[in-house]
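Down below is the structure, laid out as C-alpha coordinates.
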Amino acid sequence: MAVAVELHPAVVRFLACQPKRMLIGGEWVEAGSGKTFNAFNPATGQALAQVAEADREDIDGAVRAARRAVDGAWAKVKPAARQLLPFRRVDRRGSRPSKARVLPAPAIGPVVRRTW
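Going letter by letter, the sequence shown gives residues 987 to 1102 in our numbering.
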(Lines of atoms letter the chains of each structure in order from A and count residues from 1; the text may use other names and numbers.)
(Lines give C-alpha, C1' and ligand atoms only; values in the text may rest on other atoms or scores of the structure.)
Protein backbone atom coordinates (compact mmCIF):
# COMPACT_ATOMS: atom_id res chain seq x y z
CA MET A 1 0.00 0.00 0.00
CA ALA A 2 1.48 3.34 -1.05
CA VAL A 3 1.39 6.24 1.37
CA ALA A 4 0.94 9.77 0.06
CA VAL A 5 3.65 12.06 1.35
CA GLU A 6 2.93 15.77 1.26
CA LEU A 7 5.87 18.08 1.83
CA HIS A 8 5.52 21.35 3.72
CA PRO A 9 5.37 24.33 1.29
CA ALA A 10 8.58 25.78 2.78
CA VAL A 11 10.36 22.49 2.06
CA VAL A 12 9.04 22.47 -1.51
CA ARG A 13 10.36 26.04 -2.04
CA PHE A 14 13.73 25.08 -0.57
CA LEU A 15 14.05 22.02 -2.78
CA ALA A 16 13.04 23.97 -5.89
CA CYS A 17 16.33 25.90 -5.84
CA GLN A 18 18.81 23.52 -7.44
CA PRO A 19 21.44 22.31 -6.91
CA LYS A 20 21.69 22.39 -3.13
CA ARG A 21 24.95 23.65 -1.74
CA MET A 22 26.77 22.69 1.47
CA LEU A 23 26.62 24.85 4.59
CA ILE A 24 30.24 25.21 5.68
CA GLY A 25 31.44 27.89 8.04
CA GLY A 26 28.11 29.70 7.88
CA GLU A 27 28.15 29.98 4.08
CA TRP A 28 26.39 27.98 1.38
CA VAL A 29 29.13 26.69 -0.93
CA GLU A 30 29.32 24.42 -3.95
CA ALA A 31 31.54 21.35 -3.94
CA GLY A 32 35.11 22.21 -4.89
CA SER A 33 34.87 19.68 -7.70
CA GLY A 34 31.52 21.02 -8.89
CA LYS A 35 30.09 17.48 -8.66
CA THR A 36 26.51 16.82 -7.50
CA PHE A 37 24.31 13.79 -6.88
CA ASN A 38 20.59 13.13 -6.49
CA ALA A 39 19.08 12.85 -3.01
CA PHE A 40 16.00 10.63 -2.83
CA ASN A 41 12.98 10.50 -0.54
CA PRO A 42 13.44 7.11 1.18
CA ALA A 43 9.68 6.69 1.59
CA THR A 44 8.83 7.12 -2.08
CA GLY A 45 12.08 6.75 -4.00
CA GLN A 46 11.36 10.11 -5.66
CA ALA A 47 14.35 12.33 -6.43
CA LEU A 48 14.02 15.36 -4.16
CA ALA A 49 17.07 17.43 -4.90
CA GLN A 50 20.42 17.58 -6.57
CA VAL A 51 23.03 18.22 -3.88
CA ALA A 52 26.72 19.09 -3.80
CA GLU A 53 29.02 16.06 -3.57
CA ALA A 54 31.74 16.79 -1.03
CA ASP A 55 35.25 15.57 -1.67
CA ARG A 56 38.22 15.34 0.72
CA GLU A 57 39.00 19.08 0.50
CA ASP A 58 35.37 20.04 1.17
CA ILE A 59 35.25 17.73 4.18
CA ASP A 60 38.54 19.08 5.53
CA GLY A 61 37.17 22.62 5.19
CA ALA A 62 33.98 21.64 7.01
CA VAL A 63 35.99 20.07 9.83
CA ARG A 64 38.13 23.21 10.15
CA ALA A 65 34.99 25.38 10.28
CA ALA A 66 33.43 23.10 12.89
CA ARG A 67 36.60 23.22 14.97
CA ARG A 68 36.56 27.04 14.87
CA ALA A 69 32.93 27.00 16.01
CA VAL A 70 33.59 24.54 18.84
CA ASP A 71 36.63 26.43 20.05
CA GLY A 72 34.91 29.83 19.73
CA ALA A 73 32.45 31.79 21.83
CA TRP A 74 29.52 29.50 20.96
CA ALA A 75 31.12 26.67 22.96
CA LYS A 76 30.92 28.80 26.10
CA VAL A 77 27.14 29.26 25.78
CA LYS A 78 25.28 26.70 27.91
CA PRO A 79 22.88 24.40 26.00
CA ALA A 80 19.85 25.78 27.88
CA ALA A 81 20.71 29.28 26.62
CA ARG A 82 21.49 28.04 23.08
CA GLN A 83 18.04 26.57 22.60
CA LEU A 84 16.41 29.91 23.44
CA LEU A 85 18.44 32.06 21.04
CA PRO A 86 16.39 31.35 17.89
CA PHE A 87 13.21 32.26 19.76
CA ARG A 88 14.65 35.55 21.01
CA ARG A 89 15.57 36.47 17.44
CA VAL A 90 12.05 35.64 16.30
CA ASP A 91 10.50 37.62 19.15
CA ARG A 92 12.43 40.72 18.05
CA ARG A 93 11.18 40.29 14.50
CA GLY A 94 7.60 39.77 15.62
CA SER A 95 7.15 36.47 13.80
CA ARG A 96 4.34 34.13 14.67
CA PRO A 97 5.47 31.80 17.48
CA SER A 98 3.81 28.69 16.03
CA LYS A 99 5.84 28.91 12.81
CA ALA A 100 9.00 30.02 14.60
CA ARG A 101 9.03 27.04 16.93
CA VAL A 102 8.68 24.46 14.18
CA LEU A 103 11.46 25.68 11.89
CA PRO A 104 14.49 25.85 14.25
CA ALA A 105 13.71 22.70 16.25
CA PRO A 106 15.77 20.29 14.07
CA ALA A 107 18.74 22.66 14.16
CA ILE A 108 18.86 22.87 17.95
CA GLY A 109 17.96 19.33 18.89
CA PRO A 110 14.67 19.10 20.79
CA VAL A 111 11.66 17.51 19.19
CA VAL A 112 9.01 19.98 18.07
CA ARG A 113 6.57 18.76 20.71
CA ARG A 114 9.00 19.84 23.47
CA THR A 115 9.47 23.35 22.04
CA TRP A 116 5.88 24.44 22.68
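Don't be surprised by glycine CBs; every beta carbon is placed ideally from N, CA and C.
Item to check | Same chain, Cβ closer than 6 angstroms to residue 1050, neighbours up to 5 away in sequence not counted | outcome: In the sequence shown, counting from the first residue as 1, residue 1050 sits at position 64. Within the same chain, residue 1050 has no close Cβ partners at all.
Item to check | Under the three-state DSSP convention, the category residue 1062 falls into | outcome: Counting from 1 along the sequence shown, the entry for residue 1062 is found at position 76. Note: residue 1062 maps to helix in three-state DSSP.
Checklist entry - What residue ranges within the region 998-1078 form continuous alpha helix (DSSP H) runs of no fewer than 4 residues, ordered along the chain? => result 1042-1057, 1065-1068
Next on the checklist: With distance defined between alpha-carbon atoms, name the residue in 1020, 1013, 1024, 1010 nearest to residue 1001.
Outcome noted: Counting from 1 along the sequence shown, the entry for residue 1001 is found at position 15. Nearest of 1020, 1013, 1024, 1010 to residue 1001, Cα basis: 1024.
Checklist entry - Below 8 angstroms between beta carbons: does that hold for residue 1039 and residue 1021? => result Numbered from 1 along the sequence shown, position 53 holds the residue referred to as residue 1039. Numbered from 1 along the sequence shown, position 35 holds the residue referred to as residue 1021. In contact: residue 1039 and residue 1021 (Cβ atoms closer than 8 angstroms).
Checklist entry - Taking just the CA atoms, how far does residue 1055 sit from residue 1064? => result For this step, residue 1064 is matched to residue 78 along the sequence shown. For this step, residue 1055 is matched to residue 69 along the sequence shown. So the alpha carbons of these two residues sit roughly 14 angstroms apart.
Item to check | Inter-residue Cα distance where the pair is residue 1036 and residue 1019 | outcome: Along the sequence shown, read from residue 1 onward, the residue named residue 1036 stands at position 50. Along the sequence shown, read from residue 1 onward, the residue named residue 1019 stands at position 33. Spanning the two alpha carbons is a distance of roughly 15 angstroms.
Checklist entry - Nearest-angstrom Cα distance between residue 1071 and residue 996? => result Locating residue 1071 in the sequence shown gives position 85, counting from the first residue. Locating residue 996 in the sequence shown gives position 10, counting from the first residue. Each residue's Cα considered, the two are about 22 angstroms apart.
Checklist entry - Residues in its own chain within less than 6 angstroms of residue 1034 by CB, not counting five upstream and five downstream? => result Residue mapping note: residue 1034 aligns to position 48 of the sequence shown, counting from 1. Correct list, in chain order: 1001, 1025, 1027.
Item to check | Between the CA atoms of residue 1011 and residue 1052 - distance to the nearest angstrom | outcome: Here residue 1052 refers to the residue found at position 66 when the sequence shown is read from its first residue. Here residue 1011 refers to the residue found at position 25 when the sequence shown is read from its first residue. Taking the straight line joining both Cα atoms gives about 7 angstroms.
Item to check | Contact check, residue 1017 vs residue 1041, beta carbons under 8 angstroms | outcome: On the sequence shown, residue 1017 is found 31 positions in, with the first residue counted as 1. On the sequence shown, residue 1041 is found 55 positions in, with the first residue counted as 1. Yes, the pair counts as a contact, with Cβ atoms nearer than the cut-off.
Next on the checklist: According to DSSP, simplified to helix, strand and coil, what is residue 995?
Outcome noted: Residue numbering aside, residue 995 sits at position 9 when the sequence shown is read from its first letter. Helix, per DSSP.
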